[in-house]
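Worksheet for the structure shown next.
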Ligand SMILES: Cc1cc2nc3c(=O)[nH]c(=O)nc-3n(C[C@H](O)[C@H](O)[C@H](O)COP(=O)(O)OP(=O)(O)OC[C@H]3O[C@@H](n4cnc5c(N)ncnc54)[C@H](O)[C@@H]3O)c2cc1C
């Protein structure tokens, strides 16, 4: 079976001389300008300062009042926005992506949206229809960034389902999905048929308004995936809270029936699995097996998970069992097991199974590269790596230089749209930003070396 994978996955082969551990010592920083490194160091230092993250939105409003929106906007553009966001216009995004490409990195565009509409303007179908238009434009932009028309399978984009369907509806459906016994009303097949045919789907436990919103949401999802498929863009659906995830997975399963079928040659729709949840390994094993048996292609973005504090707080408030792993070490073990499962699955199934190792964790990345070599999986085949724009460049650059497929998750949009989104993401990822200590040390080291004029570092 391994041979099948080798034969089917063309492109670069693993290094013949043995496994070369990627070097994350900051050597790859030689590819970046001094200005970029200085900004990265300053911004990562700022983000490690808890009050900035906690009171980010208030500080932004305060600086606007004090400095005026022009000056405060310019400051943000030169700092946080410039570090983590590709820009506002298609030209700015294209410029940022071109720069990444020269460094051996690929774009994974993400439309920044908030999962909880927080103002009256954002409620109702209009807000979701606006998000749909933004996502269709994002598909076009992702496609437009491709330089070599032949290699269409490489284009990936993130998709947040709660930008197209309300969290309220997702919570309602989740409570039904969780009930014991199969609900035929909510089977992936039935949802897939409704999406494909555009026919009305009446779900007995939803009221008229909820049914209408479900119908509109299914139609939006169908339109995004249809367009993405036509443009050869693979959609990576984000995982969110456990109160929503069962519905998100159900919708992905419904989309997979149509778009990951053998005639489509996918996977065009991937799901995200969060290793910090206790039940993730079992779900991943079950879903991978089910896709295999159904003859469907299977795509996975494997992450640790971003909503730890909120999940625990919610479980505490509701008096239910904490769904997350007890500590960081347990999450690491879970990630490692899920990774091993998926790597074996890819080796077994070949290019009908894809995996993104979406992590900044050096140990996880090292494990993936080592096992890829042992399992004879090509470097730029069905496994890729993902990191956030502006984070852990020492990992991304080293992987890209070694020939692995590396994507940077890139939010884009205006300052007004993106800053609240960034601040909320920073609040969810406090531990990650605090943990960027090693990156800050490597950046300082490289800047000191340049300032003291200690010759060029020999690139690996
Ligand atoms: C390309 C990309 C896409 C992403 N998409 C999603 C997504 O769809 N959904 C999503 O939820 N997240 C997503 N994330 C974020 C991801 O889940 C992590 O929050 C982030 O990447 C940090 O984890 P790490 O593996 O990079 O690094 P590390 O710094 O090694 O791990 C930090 C993570 O470990 C876990 N952790 C920390 N402390 C504890 C503790 N005490 N107990 C238990 N676990 C702990 C948490 O998950 C924390 O985020 C994405 C990240 C990337 C790079």
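In my numbering, the protein residues as written are 7 to 466.
Ideal Cβ positions, reconstructed from N, Cα and C, are used throughout, including at glycine.
Boundaries cannot be given for residue 168, as no beta strand (DSSP E) includes it and DSSP labels it neither H nor E. Contact annotation: residue 220 and residue 307 have beta-carbon atoms that are not nearer than 8 Å. In the same chain as residue 329, and ignoring 5 residues on each side of it, the C-beta atoms closer than 7 Å to its own belong to 248, 283, 284, 317 and 321, in chain order. Take residue 92, set aside five residues on each side of it, and the residues of its chain with a beta-carbon closer than 6 Å to its own are 99, 102, 416 and 418, in chain order. Here residue 49 carries a helix assignment [DSSP, helix/strand/coil].
The beta-carbon separation of residue 274 and residue 235, rounded to 5 Å, stays under the 8 Å limit for a contact. DSSP places residue 278 inside the beta strand (DSSP E), whose first and last residues are 275 to 280. A straight-line Cα-Cα distance of about 16 Å links residue 44 and residue 54. By the neighbour-count criterion, in which a residue is buried when 16 or more other Cβ atoms sit within 10 angstroms of its Cβ, residue 61 is exposed. Rounded to whole angstroms, the Cβ separation of residue 115 and residue 412 is 15 Å, and the two are not in contact under 8 Å.
Straight-line measurement puts the Cα of residue 454 at about 45 Å from the Cα of residue 168. Assignment of residue 196 by DSSP, reduced to helix, strand and coil, places it in the helix class. In the structure shown, residue 250 falls within a coil segment according to DSSP collapsed to helix, strand and coil. By the Cβ test, the stretch 389 to 405 is not in contact with the stretch 284 to 302, since fewer than three Cβ pairs between them sit closer than 8 Å.
Three or more Cβ pairs drawn from the stretch 163 to 181 and the stretch 253 to 261 lie within less than 8 Å of each other, which places the two stretches in contact. Nearest Cα to residue 372 within the set 359, 356, 390 and 360: 390. Between the stretch 365 to 382 and the stretch 342 to 350, the count of Cβ pairs shorter than 8 Å is three or higher; the stretches touch. Within the same chain, no residue comes within 7 Å of residue 315 by CB-CB distance, once the 5 residues on both sides are set aside.
Residue burial is scored here from C-beta neighbours: residue 278 has at least 16 other C-beta atoms within 10 angstroms and is therefore classed as buried. Under the 8 Å Cβ criterion, the stretch 353 to 361 does not count as touching the stretch 333 to 344, having fewer than three qualifying pairs.
Here the alpha carbons of residue 46 and residue 450 stand approximately 10 Å from one another. Not one heavy atom of ligand 1 lies closer than 7 Å to the C-beta of residue 148.
Judged by DSSP secondary structure, residue 38 falls outside any alpha helix (DSSP H); it is assigned neither H nor E. For residue 216, same chain residues with a beta-carbon under 7 Å away, outside a window of 5 residues either side, are 175 and 178 in chain order.
For residue 398, there is no enclosing beta strand (DSSP E), as DSSP gives it neither H nor E. Residue 330 is bridged by DSSP to 283.
With contacts defined as CB atoms closer than 8 Å, residue 446 and residue 50 qualify as a contacting pair.
Here residue 276 is buried: its Cβ has 16 or more other Cβ atoms, across all protein chains shown, within 10 Å. Secondary-structure assignment with DSSP links residue 413 through a beta bridge to 112 and 392. Here the alpha carbons of residue 340 and residue 319 stand approximately 21 Å from one another. Shown here for residue 148: same chain residues with a beta carbon closer than 6 Å to its own, the five before and five after excluded, namely 115, 161, 163 and 239 in chain order.
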